[in-house]
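In numbering that gives the first Met the number 0, the protein residues as written are 0 to 318.
Working notes for the structure below.
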Amino acid sequence: MCKACEYTIHGAQHHFGWDNTIAPVETVAPGTTICFNCMDSSAGQLGPSSTVADVVALDFGKINPVSGPIYIDGAEPGDALKITLEGFAPREQEGSAWGWTANIPGFGLLADQFEDPALTIWKYDAKTMEPSLWGDMGRVPLKPFTGTIGVALAEPGLHSIVPPRRTGGNLDIRDLSAGAELYLPVEVAGALFSVGDTHAAQGDGEVCGTAIESPMDVTLTLDLVKGANLRMPRFTTPGPVTNHLDQKGYEVTTGIGPDLMTGARDAVSGMIDLLTARYGMAPVDAYMLVSTCGDLRISEIVDMPNWVVSFYFPRMVLE
0 MCKACEYTIH GAQHHFGWDN TIAPVETVAP GTTICFNCMD SSAGQLGPSS TVADVVALDF
60 GKINPVSGPI YIDGAEPGDA LKITLEGFAP REQEGSAWGW TANIPGFGLL ADQFEDPALT
120 IWKYDAKTME PSLWGDMGRV PLKPFTGTIG VALAEPGLHS IVPPRRTGGN LDIRDLSAGA
180 ELYLPVEVAG ALFSVGDTHA AQGDGEVCGT AIESPMDVTL TLDLVKGANL RMPRFTTPGP
240 VTNHLDQKGY EVTTGIGPDL MTGARDAVSG MIDLLTARYG MAPVDAYMLV STCGDLRISE
300 IVDMPNWVVS FYFPRMVLE
């Protein structure tokens, strides 16, 4: 798993939220490769045997733990931290690699339509990473990545882990997978890098608010680009990012109008309607399923006053 790992950051070495006064758990030189034992986004509150009652009981003060922070020698405001994602190793529990997807009341793109809690537990093979079964109806291809990855903000105080920020954080970009290179603006001495919220699979948009949330070991290398003066994160992928789901094409629904958020909601609602009518699944199950493997895209944003948002669901999942 490790590319000559020089350090291991254990699961207990985590924190909640961004705060530039949190003491670093390790100080490293640029070019160092580290293995992080990342917890799932519930910080262990959910497990392979959890039920919907555990979703109701979630302590939101313990959501999205990130392992770290790491102080990088020589990192200064105005630099960029280059993170090369070397690999992901899902951890087993109760005899299998696993993950969870939940509808959490008050959270998600369609929170007003899905007010009751729901939970799906996934099991999969950590060695083969074969698609994970969706009940007896489908299979979701897996693509491990880290949902939350960032450095400390210059502003003092504790900042919530939930929203993404200019220094990274809860980005939920599924293409930050093995081989990707991420560049983050450094705002404080040492950068204070942390990572967590590992996912086994997610669709672009993570529309119900959760993906296949899965504890994993993440190996990455930290480097510096002096004087980069980035304003926002940027990243490079090692190759194609969509062909793992393209074999049988897509079902696509759209939302059209003058507001992109309304368009996004309409496109996702349309796909839920299509899947429930065609396959007889419960709407909340369709909502959670599409969050793990469907892609929300802006298809057109120039022909005012209306814009087009599309939702792509890969046909291979249920065929």
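The beta carbon of each residue, even a glycine, is placed where N, CA and C say it ideally should be.
In the displayed model, S298 falls within a strand according to three-state DSSP.
Shortest Cα-Cα distance from W99 to any of E154, A117, L170 involves A117. Under the Cβ criterion (8 Å, minimum of three pairs), the region 141-153 counts as touching the region 189-200. Put simply, the region 181-193 does not touch the region 239-257. Fewer than three CB pairs are less than 8 Å apart. Within the same chain, Cβ atoms closer than 7 Å to the Cβ of S176 are found at L84, K142, P143, F144, the five residues on either side in sequence being excluded. The Cβ-Cβ distance between N63 and D216 does not fall below 7 Å. Secondary structure note for P104: it is in no beta strand (DSSP E), with a DSSP letter that is neither H nor E. DSSP places R277 inside the alpha helix (DSSP H), whose first and last residues are 259-278.
Nearest in C-alpha terms to R314, of all of G293, S298, V307, W306, is G293. The Cβ atoms of E75 and T32 do not sit closer than 7 Å to each other. A straight-line Cα-Cα distance of about 28 Å links M270 and D39. Put simply, of G248, I8, F113, G238 the residue whose alpha carbon is nearest the alpha carbon of T26 is I8. Look at A188 here: in three-state DSSP terms it is coil, with no helix or strand label. For D216, the pairing in a beta bridge is given by DSSP as N36, A88. Where V54 is concerned, the enclosing alpha helix (DSSP H) starts and stops at 51-55.
Burial is judged here by how many other beta carbons sit within 10 angstroms of a residue's own beta carbon; N305 has fewer than 16 and is exposed. Under the Cβ criterion (8 Å, minimum of three pairs), the region 101-111 does not count as touching the region 244-254. T291 sits buried, since 16 or more C-beta atoms from the chains shown fall within 10 Å of its C-beta. Contact check for G204 against L295 passes: the beta carbons are separated by less than 7 Å. Here DSSP, grouped into helix, strand and coil, assigns T291 to helix. Between the alpha carbons of Q12 and V24 lies a distance of about 7 Å.
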